Amino acid sequence: MADVAAPLKRRSYASVSDKIADIVLKRPTHWVWFAAFGVASLGTMALIAAIGYLFLRGIGIWGVNIPTAWGFAIANFVWWIGIGHAGTFISAILLLLRQRWRTSINRFAEAMTLFAAGIAGMFPILHLGRPWFFYWLVPYPNVMELWPQWRSALVWDIFAISTYLIVSAVFWYIGLVPDLATLRDRAKSRVKQIVYGLMALGWRGEARHWARFETAYLLLAGLATPLVVSVHSVVSLDFAIGIVPGYHSTVFPPYFVAGALFSGFAMVLTLAIPLRHFFGLEEFITDRHLENAAKILLACGWIVAYGYFIETFTAYYSGDEFEIAMVQDRLHGFYAPVYWTVLLCNVLVPQTLWWRTARRSVWTLFVVSLLVNLGMWLERVMIVVQSMHHDFMPSAWGNFIPTVWDWITFGGSIAFFAFLFLGFVRLLPAISIFEMRELVHEEKK
Amino acid sequence: MSYGILAEFKSPERLLEAANRARAAGYAIEAYSPFPVEGLAEITGMRRNSIPAIVLGGGLAGGIGGYFMQWYSAVISYPINSGGKPLHSWPEFIPVTFETTVLVAALAGVVGMLALNGLPRLHHPLFNVPEFHLASRNRFFLCIRADDARPFLEKLEPVGIWDVPE
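In C-alpha cells:
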C-alpha cells in the first residue's frame, strides 16, 4: 500500500491539516456548488411536496394496489439502505483489516451511509397506510397494553434500521470530534469558533483521551461489522420469510448483502470522483483509491451474478412449478426488459473493470458506477414488484405501473441525498484530518 | 496558583522523550498531541483502559435486556397464539436480541469514553494559552502540573514555555 500514501511524503502535519480544514473554513464557494445545491434544493422541495400530497391523499396516489402492494417505496428503501453499507464497510471492516488506504475516503463514505440510511428509513414509514402510527412498531408503555409481534420481520426491520442509524451516526460523530477541534482552533470568526467548539465537546488531544478514543473507535468498528451484515440480512428476511415465489429463498441474506456492497461502492465512486475533482483532493483520494474501489466493485459484482444464477438454478432444480413460472416470467414476461437491463448493468458492464486501463480511467469508472447504481435500483424494483405481480393464481395476477408521484418521490430522494451531501462537504471536513496526520507520521518513519 | 507549566515540542519523538524524563523526575504530567502517539498514555500514568469492560457490560445488558423484553411480552404480558408457534419461540427473538446487544454496547462505549475523558467540557485552563491551538494541528505539548517545573522544562529544550493560569 506504500504508493497510496506516497504523495503524503511531501506533506507535513500542518499542511495536511490546513489543506483539508480550509476547504471548509476559507475556500470560496464555487458556482458549480451553488448550481448543484440549487437543483438539489428544488428536488428536495419536490420530495416534500410529494410527501405532503401523500399524507393528504394516502398511498393510492402511487401505482401500488393488490396484487402488487409493494412498489417503489420498498424498492427505494432496499436500494438506499444498501448504498449505506459500503460506508460502514470502508470505515469499519477495512479499519479492522488495517487497510490504510481507507483513511482518505472513510469520512465521506460514512456521511454517505448516514444520509442513505436516513432516507431509507423514511420509505417504510411513508409506505404505511397510516404513517402517523409508525411508532406502534416500537415497544413502549401504552394504554392499549399491546406489544409488538416479535415474530414479524417488520419488527426486526425497525430494530435493525434504527440500530444501524444510531450506531452509524455515533461512529461518524465520534470520528469527527478531533477534526472539529482542529476547525475550532483554526477558525477565525467568532461564530465558527463557538459552533465548532461546541461540537468538538472540548476535545484537547490529551494522551489518555486519545487512548480511550482509539479503543472505543476500534470496538465500535468491531460492533459495526456484524451490524452491517445483519441489517441487510434482516431486510432480505422481509422477503425471504414470505412464501411468495421469488422471495422464498435461502440465498437472500448473502445475496442482499453482496448487492448492498456492490451498489454502495458504486455510489462511493459516483461521489468520490466529482468530490476530488472539484476540491482538488487528487493527492489524498488517489487513482489507487479509485482502482481499489473498482476491484471491490468487480468482486461484489460476481457475488451478485452468482446470486442471479443460483436463484434461477434453484427454481428449476426444485421442480416447483410456481418458482419456474416466476423465472420464466422474469425472462419473457411483462417486466422482462427490467431483468435484462439488470443483467446488462450488474453483470456485463462491471466486466470492463478487469482491464487496468478501465480502472485507471476516471470517466470509465464514473460511467460504470452510474450504470451499476441504475442496475441495482432496477434489481430492487424487480425483486419487489415482479414476484408479486405473478404469484400463484392467474386470477390474482396484475401489473404495477408507477405513477408520476412514484417518480417524483424517487427522484426527490436522490435530490435530498445530494442536498445533504453538498451541505456536508461545505460544513464539515470531508477527509479525516487526524488520521491523515497519522499517515504523514508513518510516512516519515 | 496556576494550572501548570506548558512546553511545546516539534515532534512526537521529542514529546515522548520529554514525557519520559518528566515522569522519571516524579512530576504529574499531561501530554497533548494532534494524533494518537503510541505509548504516550502509559507514560502519562494511564494504568488501565476500562473501555473494553464498559462495552462488554453494555453488550451483556443490551442482549439480556432485549431478550428478556421479548420473552416477558410474548409469554407473560401478552401471550398470543401466532401460527401455532410456541409462546417462547426463541429463534425468532434472536434478530432483535442481536440489535439491542449492538446498540447498547456501542452507546455504552461512546458514553463511557466521553465520561472517563471528562467530556464534554466548555472550557479548560489550557485554552488560555494562545499557542495551544496548535495542539490540534502540528505541535506536541507537555504540561507539568507543578508551579516550580520551569527550570526542569527548560533543560528539555522545548520550542516554547508558558505558565498556564488557572
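As given, the protein sequences belong to chains A and B, one line each in that order.
Start counting the first sequence at 108; every next residue gets the next number (the numbering used here).
Start counting the second sequence at 77; every next residue gets the next number (the numbering used here).
Glycine included, C-beta positions come from ideal geometry on N, C-alpha and C.
Note that the structure is predicted; figures quoted are calculated from it, not measured.
task: State yes or no: is the beta carbon of A:R315 nearer than 8 Å to at least one beta carbon in chain B?
output: By one-based count along the first sequence, residue 315 of chain A stands at place 208. Flagged as an interface residue toward chain B: A:R315, by a C-beta distance shorter than 8 Å.
task: Find out if the Cβ-Cβ distance for the pair A:V563, A:E418 is shorter than 8 Å.
output: As shown, chain A starts at 108 and ends at 552. That puts residue 563 of chain A outside it, with no answer to give.
task: For chain B, find out if any of its Cβ atoms is closer than 8 Å to the Cβ of A:T289; answer yes or no.
output: Within the first sequence, numbered from 1, the residue matching residue 289 of chain A stands at position 182. Chain B, which has a Cβ nearer than 8 Å to the Cβ of A:T289, makes this yes.
message: Can you pull the chain B neighbours of A:Y120, defined as C-beta to C-beta under 9 Å?
response: In the first sequence, counting from the first residue as 1, residue 120 of chain A sits at position 13. By Cβ distance, chain B contributes P110, F111, R213, N214 and R215.
task: Determine whether the Cβ of B:N125 lies closer than 8 Å to any Cβ atom of chain A.
output: Taking the first residue of the second sequence as 1, we reach residue 125 of chain B at position 49. When Cβ-Cβ separations below 8 Å define contact, B:N125 makes contact with chain A.
task: Would you decide whether B:L198 is buried or exposed? Buried here means 16 or more other CB atoms lie within 10 Å of its CB.
output: Residue 198 of chain B sits at position 122 when you count from the first residue of the second sequence. Classification of B:L198: exposed, given that the 10 Å Cβ count is below 16.
message: For B:C219, list the residues DSSP reports as bridge partners.
response: The residue given as residue 219 of chain B occupies position 143 in the second sequence. Looking at the DSSP assignment, B:C219 forms a beta bridge with B:L82 and B:E106.
task: Say whether chain A places a C-beta atom closer than 8 Å to the C-beta of B:Y154.
output: The count along the second sequence starts at 1 and reaches residue 154 of chain B at position 78. Output row for B:Y154: interface = yes.
message: Can you tell me where the alpha helix (DSSP H) holding A:W263 begins and where it ends?
response: Sequence index remark: in the first sequence, residue 263 of chain A carries index 156 (1-based). Here the alpha helix (DSSP H) through A:W263 covers A260 to R293.
task: Evaluate the contact criterion for the region 188-195 of chain A versus the region 364-382 of chain A: three or more CB pairs, one atom per stretch, below 8 Å.
output: With three or more CB-CB distances shorter than 8 Å, the region 188-195 of chain A counts as touching the region 364-382 of chain A.
query: Does DSSP put B:V240 in a helix, in a strand, or in coil?
result: Position 164 of the second sequence, counted from the first residue, corresponds to residue 240 of chain B. Three-state result, B:V240: strand.
Any C-beta of chain B under 8 Å from that of A:V277: Locating residue 277 of chain A in the first sequence gives position 170, counting from the first residue. For A:V277, the answer is yes, since a Cβ of chain B falls inside 8 Å of its Cβ.
- prompt: Starting from A:F369 and walking both ways along the alpha helix (DSSP H), at which residues does that stretch end?
  reply: In the first sequence, the residue the question calls residue 369 of chain A occupies position 262. Membership of A:F369 in the alpha helix (DSSP H) is indicated by the continuous run F359 to F385.
Integer Cβ distance of A:N213 from A:S520, believed to fall under 8 Å: The count along the first sequence starts at 1 and reaches residue 213 of chain A at position 106. The count along the first sequence starts at 1 and reaches residue 520 of chain A at position 413. About 24 Å; that fails the 8 Å criterion.
field: Residues near A:N165 by beta carbon distance below 8 Å, same chain, minus five either side
entry: To locate residue 165 of chain A, count along the first sequence from 1; it is residue 58. The sequence given here has Gly at residue 165 of chain A, not Asn. Within the same chain, and ignoring the five residues on either side of A:G165 in sequence, the residues whose Cβ sits closer than 8 Å to its Cβ are G236.
task: Look at the Cβ atom of A:L405, then the Cβ atom of A:W461, and state whether they are nearer than 8 Å.
output: If you number the first sequence from 1, residue 405 of chain A lands on position 298. If you number the first sequence from 1, residue 461 of chain A lands on position 354. Against a cut-off of 8 Å, the Cβ pair of A:W461 and A:L405 comes out as a contact.
query: So, are the CB atoms of A:A323 and B:V186 less than 8 Å apart?
result: In the first sequence, counting from the first residue as 1, residue 323 of chain A sits at position 216. In the second sequence, counting from the first residue as 1, residue 186 of chain B sits at position 110. Contact flag set, yes.
- prompt: Thinking C-alpha only, which one of A:E549, A:N172, A:L535 and A:L481 is nearest A:F517?
  reply: Residue 517 of chain A sits at position 410 when you count from the first residue of the first sequence. The shortest C-alpha to C-alpha distance from A:F517 to any of A:E549, A:N172, A:L535 and A:L481 is the one to A:L481.
message: Taking only three categories from DSSP, how would you classify A:E389?
response: What you label residue 389 of chain A is simply residue 282 of the first sequence in a count that begins at 1. In this structure, DSSP gives A:E389 a state outside helix and strand, which the three-state scheme calls coil.
Exposed unless 16 or more other CB atoms sit within 10 angstroms - verdict on A:E430: Here the question's residue 430 of chain A lines up with position 323 in the first sequence. The residue is buried, with at least 16 neighbouring Cβ atoms inside 10 Å.
query: Could you give the C-beta distance for A:E545 and B:F111, rounded to a whole number, given that I count them as a contact under 8 Å?
result: Residue numbering aside, residue 545 of chain A sits at position 438 when the first sequence is read from its first letter. Residue numbering aside, residue 111 of chain B sits at position 35 when the second sequence is read from its first letter. In this structure, A:E545 and B:F111 form a Cβ contact; the two beta carbons are roughly 5 Å apart against a cut-off of 8 Å.
- request: Return the first residue and the last residue of the alpha helix (DSSP H) that A:E550 is part of.
  value: Within the first sequence, numbered from 1, the residue matching residue 550 of chain A stands at position 443. Its alpha helix (DSSP H) spans residues I540 to K551.
query: Anyone know if the C-beta pair for A:I200 and A:F524 falls short of 8 Å?
result: Position 93 of the first sequence holds residue 200 of chain A. Position 417 of the first sequence holds residue 524 of chain A. No, Cβ-Cβ distance for A:I200 and A:F524 is not below 8 Å.
Cross-chain neighbours of B:R197 in chain A, by beta carbon under 8 Å: As a working mapping, residue 197 of chain B is identified with position 121 in the second sequence. Within chain A, the residues near B:R197 are L308 and G309.
message: Quick check on the burial criterion: 16 or more other C-beta atoms within 10 angstroms. Buried or exposed for B:G142?
response: On the second sequence, position 66 is the one that residue 142 of chain B refers to. Buried is the label assigned to B:G142, since at least 16 other Cβ atoms lie within 10 Å of its Cβ.
message: Please tell me whether A:V250 has its Cβ less than 8 Å away from any Cβ of chain B.
response: Sequence index remark: in the first sequence, residue 250 of chain A carries index 143 (1-based). No, A:V250 does not count as interfacial toward chain B.
query: Within 8 Å (strictly less), CB to CB, does A:I281 reach chain B?
result: Counted from its first residue, the first sequence places residue 281 of chain A at position 174. Yes, its Cβ sits closer than 8 Å to a Cβ of chain B.
task: Return the first residue and the last residue of the alpha helix (DSSP H) that A:G518 is part of.
output: The count along the first sequence starts at 1 and reaches residue 518 of chain A at position 411. V511 to L534 is the span of the alpha helix (DSSP H), which, as asked, contains A:G518.
field: Interface positions of the region 128-147 of chain B facing chain A (Cβ-Cβ less than 7 Å), listed along the chain
entry: Within the region 128-147 of chain B, P128, V131, M145 and Q146 place their CB atoms closer than 7 Å to a CB of chain A, listed in sequence order.
- request: Output, in sequence order along the chain, the residues in the region 217-233 of chain A whose CB is closer than 9 Å to any CB in chain B.
  value: Here the close residues number zero.
message: Relative to the C-alpha of A:M251, which candidate in B:G115, B:E118, B:I130 and B:S153 has its C-alpha closest?
response: To locate residue 251 of chain A, count along the first sequence from 1; it is residue 144. When only C-alpha atoms are compared, the closest one is B:S153.
- prompt: Any idea if B:D239 is buried or exposed, counting beta-carbon neighbours within 10 angstroms, 16 or more meaning buried?
  reply: Here the question's residue 239 of chain B lines up with position 163 in the second sequence. With fewer than 16 other Cβ atoms inside 10 Å of its own Cβ, B:D239 counts as exposed.
- request: Could you check what DSSP says for A:E313 in three-state terms: helix, strand or coil?
  value: If you number the first sequence from 1, residue 313 of chain A lands on position 206. A:E313: strand per DSSP, three-state reduction.
field: Nearest to B:S78 (by Cα), restricted to the options B:F228, B:N96 and B:R221
entry: Taking the second sequence and counting its residues from 1, the one referred to as residue 78 of chain B is at position 2. For the residues B:F228, B:N96 and B:R221, the minimum Cα distance to B:S78 belongs to B:R221.
query: At a Cβ cut of 8 Å, what residues of the region 160-177 of chain B count as close to chain A, listed as they run along the chain?
result: Near chain A, meaning a CB-to-CB distance below 8 Å, the residues of the region 160-177 of chain B are K161, S165, E168, F169, P171, V172, F174, E175 and T176.
task: Note down the Cα distance separating A:P352 from A:V479, rounded to an integer number of angstroms.
output: Within the first sequence, the letter at position 245 stands for residue 352 of chain A. Within the first sequence, the letter at position 372 stands for residue 479 of chain A. Taking the CA atoms as reference points, A:P352 sits about 26 Å from A:V479.
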